[in-house]
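Worksheet: the structure to be examined is printed underneath.
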Amino acid sequence: MRKVLKSDQRPFEIKPQQESVWVCMCGLSKNQPFCDGSHKTTRDEENGKTYEYDAEGHRHEV
176 MRKVLKSDQR
186 PFEIKPQQES
196 VWVCMCGLSK
206 NQPFCDGSHK
216 TTRDEENGKT
226 YEYDAEGHRH
236 EV
């Protein structure tokens, strides 16, 4: 099981390029280091709590 400690729930944008490049900040993307939208599953996480996500993307508080 993978443990993810994150500092933000959004991806990080790298500029300037012809198109924006989004780098995963949640640690859940299957397209590392790039964002694949997996951070959307973290929207209802509570601040100050630690969570782990299993291979299927299910969240468990630790």
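Each residue of the sequence shown is one higher than the one before, starting from 176 at the first, in this note's numbering.
Virtual Cβ for every residue (Gly too), placed ideally from N, Cα, C.
Beyond the five residues adjoining it in sequence on each side, R234 comes within less than 6 Å, by CB distance, of Y226 and Y228 in the same chain, given in chain order.
N206 and E220 have their C-alpha atoms roughly 22 Å apart. Rounded to whole angstroms, the separation of the alpha carbons of R218 and E236 is 14 Å.
In the displayed model, H233 falls within coil according to three-state DSSP, outside both helix and strand.
DSSP lists no bridge partner for E194. Around the CB of P186, 16 or more other CB atoms lie within 10 Å, so the residue is classed as buried.
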